[in-house]
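One structure is given below, encoded as structure tokens.
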Amino acid sequence: MATTIDSPRAPRIRRRGINWEKWGWIYMRVSGVVLVVLIFGHLFVNLMIGDGVKALDFAFVGGKLSDPFWQWWDTLLLWLALIHGSNGMRTIINDYTHNRMVNLTLKGALGLSTVVLLVLGTLVIFTFDPCPVGAPTDLLPSICGDL
Amino acid sequence: MATVVEKAPATAGVVATASPLQSFTVTLIIRRFDPEVDEEPRWQDFDVEMFPTDRILDALHKIKWEQDGSLSFRRSCAHGICGSDAMRINGRNRLACKTLIKDLDISQPIYVEAIKGLPLEKDLIVDMEPFFESYREVQPFLIASSKPKDGKERLQSVEQRAIFDDTTKCILCAACTSSCPVFWTDGQYFGPAAIVNAHRFIFDSRDDAADVRLDILNDKEGVWRCRTTFNCTEACPRGIQVTQAIAEVKQAILRGKP
Chain P
1011 MATTIDSPRA
1021 PRIRRRGINW
1031 EKWGWIYMRV
1041 SGVVLVVLIF
1051 GHLFVNLMIG
1061 DGVKALDFAF
1071 VGGKLSDPFW
1081 QWWDTLLLWL
1091 ALIHGSNGMR
1101 TIINDYTHNR
1111 MVNLTLKGAL
1121 GLSTVVLLVL
1131 GTLVIFTFDP
1141 CPVGAPTDLL
1151 PSICGDL
Chain L
8 MATVVEKAPA
18 TAGVVATASP
28 LQSFTVTLII
38 RRFDPEVDEE
48 PRWQDFDVEM
58 FPTDRILDAL
68 HKIKWEQDGS
78 LSFRRSCAHG
88 ICGSDAMRIN
98 GRNRLACKTL
108 IKDLDISQPI
118 YVEAIKGLPL
128 EKDLIVDMEP
138 FFESYREVQP
148 FLIASSKPKD
158 GKERLQSVEQ
168 RAIFDDTTKC
178 ILCAACTSSC
188 PVFWTDGQYF
198 GPAAIVNAHR
208 FIFDSRDDAA
218 DVRLDILNDK
228 EGVWRCRTTF
238 NCTEACPRGI
248 QVTQAIAEVK
258 QAILRGKP
């Protein structure tokens, strides 16, 4: 009497490869939370502490970018925000372009500009010279005097 | 019961004599499309005499029966259960049989059109097949091939039943799916209604195939396309918290079990 009923349909065969759509979704959630901390930390340090927005000049930025802590803070900010933003743009492109060629072209341009901006930005953060030779000393950060 | 029945006619009589309902003229602008004549849908306006307690469905009936017999729309039970008459009323997906005239601003004309995102067939009728196709994809039936524990029944506690109570209310009217901006632009997306009906079985303790359904919805066109715009929750005539149900399915996929 003990009857076992077979499943009505053959079990689906799992697709091979990484589930990009899922990881994209998780990335948006995780990076979103981290970005809230990074962005508000960035804004607080640049605009609230000390003289506020009036303190912003070459010396201020140069000083910040010569500190490894801020170098990595800015690198993280750059990568997380840029990929977060371009993934959002990818969604919008998918929403509004139905022509396959236009869709692929726009997404290609988006991917290319993202890569270029990431490389350029990272390069600037780590190769930035806060004390260019021959610059007027009153514009340079205080650390330059020691050199 | 007896006291209620005795009281009822007396109260009704008082109300009827004191304030007879005032009827007024309502303008409906309906998006018409006759595939045999029209190239493109066109808007046509109708003036109908309505009571505040009438529904949009009554207005459509009045137009069809008294003014223009060619007006086409679906309706079956006319009481918000069959899910046939979902349409876009003043830009929002509603059941025509549950939308009262008094809840709308009748100083303006009322715009009525077919739900979006599904192929338009005639006037307010769309082809529901793509909608039902994605509904069938999620296997919306109880799959229980294992033997029940000691005995013949699969017992379920009140708490176990409560988990998926909300999603059992779906009447498949397509108001949610056809209000979803992702579905408008990408017909491959399963859509809220299919996910709601998958949710109903994924979280059912008697069901054995949750992993199969989670795997189906983990697809490229599955739950990850949802971007929580809450249009579906707003549109649902049964008050199902659709977006929350989708979020619960997402969490279940990440956990790997319901």
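Line by line, the protein sequences give chains P and L.
Heads up: the first sequence runs through residues 1011 to 1157, numbered per the numbering used here.
Heads up: the second sequence runs through residues 8 to 265, numbered per the numbering used here.
Think of the CB as a built atom: it goes at the ideal place given N, C-alpha and C, for glycine as much as any other residue.
As the structure is a prediction and not an experimental result, all values here were calculated from the model.
Within the same chain, Gly1034, Tyr1037, Met1038 come within 8 Å of Asn1097 of chain P by CB-CB distance, once the 5 residues on both sides are set aside. Below the 8 Å Cβ cutoff, chain P contributes no neighbours of Thr175 of chain L, its closest Cβ being approximately 21 Å away. Met1111 of chain P and Arg220 of chain L have their C-alpha atoms roughly 33 Å apart. The closest CA to that of Phe208 of chain L, considering only L:Cys243, L:Ile132, L:Glu128, L:Lys264, is found on L:Lys264. According to DSSP, residue pairing for Asp54 of chain L in a beta bridge involves L:Thr34. In the three-state reduction of the DSSP assignment, Met1099 of chain P falls in the helix class.
Along the region 1096-1124 of chain P, the positions whose C-beta sits under 9 Å from a C-beta of chain L are Thr1101, Asn1104, Asp1105, Tyr1106, His1108, read in chain order.
In the three-state scheme derived from DSSP, where H, G and I count as helix and E and B as strand, Tyr118 of chain L is classed as strand.
Listed along chain P is no residue with a C-beta nearer than 9 Å to that of Asn204 of chain L; the closest approach is about 16 Å.
Taking C-beta atoms as the reference points, Ser185 of chain L and Ile113 of chain L fail to come closer than 7 Å.
The Cβ-Cβ distance between Leu102 of chain L and Asp110 of chain L does not fall below 7 Å. Taking C-beta separations shorter than 8 Å and ignoring five residues to either side along the sequence, the partners of Pro42 of chain L in its chain run Glu128, Lys129, following chain order. Fewer than three beta-carbon pairs drawn from the region 224-234 of chain L and the region 149-161 of chain L are found closer than 8 Å, and the two stretches are therefore not classed as touching. Contact between the region 174-190 of chain L and the region 232-252 of chain L is present: 3 or more CB-CB pairs across the two stretches fall below 8 Å. The beta carbon of Lys227 of chain L sits closer than 7 Å to some beta carbon of chain P. Counting only runs of at least 4 residues, the region 61-121 of chain L fully encloses the following alpha helix (DSSP H) elements, listed from N- to C-terminal order: 63-69.
Closest in alpha carbon position to Phe197 of chain L, among L:Glu56, L:Leu261, L:Glu136, is L:Glu136. Residue ranges of uninterrupted alpha helix (DSSP H) with 4 or more members, entirely inside the region 148-184 of chain L and ordered along the chain, are 165-170. According to the DSSP secondary-structure assignment, Arg39 of chain L is paired through a beta bridge with L:Arg49. Under the DSSP assignment, Glu128 of chain L falls in the beta strand (DSSP E) whose first and last residues are 127-129. With contacts defined as CB atoms closer than 7 Å, Arg62 of chain L and Cys104 of chain L qualify as a contacting pair. Its chain contains Thr1147 as the residues whose beta carbon lies nearer than 8 Å to that of Gly1155 of chain P, once the 5 sequence neighbours on both sides are disregarded; these appear in chain order. In this structure, Lys71 of chain L and Leu78 of chain L form a Cβ contact; the two beta carbons are roughly 5 Å apart against a cut-off of 8 Å. In the DSSP assignment, Ile132 of chain L is bridged to L:Lys129. With contacts defined as CB atoms closer than 7 Å, Phe80 of chain L and Leu125 of chain L fail to qualify as a contacting pair.
Residues of chain P whose Cβ lies closer than 8 Å to the Cβ of Thr192 of chain L are, in chain order, Asn1104, Asp1105, Tyr1106, His1108.
Going by DSSP, Gln258 of chain L is part of the alpha helix (DSSP H) stretching over 249-262. When only Cα atoms are considered, Ile1028 of chain P and Gly1042 of chain P end up about 22 Å apart. For Glu228 of chain L, there is no enclosing alpha helix (DSSP H), as DSSP gives it neither H nor E.
Residues Asn204 of the same chain have their beta carbon placed closer than 6 Å to that of Pro147 of chain L, with the five preceding and five following residues left out of the count.
Excluding sequence positions up to five before and after Cys89 of chain L, its CB lies within less than 6 Å of the CB of Ser83, all in the same chain and listed in chain order. In this structure, Thr32 of chain L lies away from Asp52 of chain L, with their beta-carbon atoms at least 7 Å apart. Spanning the alpha carbons of Pro199 of chain L and Phe1054 of chain P requires a straight line of approximately 41 Å.
With respect to the C-alpha of Gln258 of chain L, the residue from L:Cys233, L:Val145, L:Val189 having the closest C-alpha is L:Cys233. Using a 10 angstroms sphere on the CB of Ser141 of chain L, the tally of other CB atoms reaches 16 or more, which defines it as buried.
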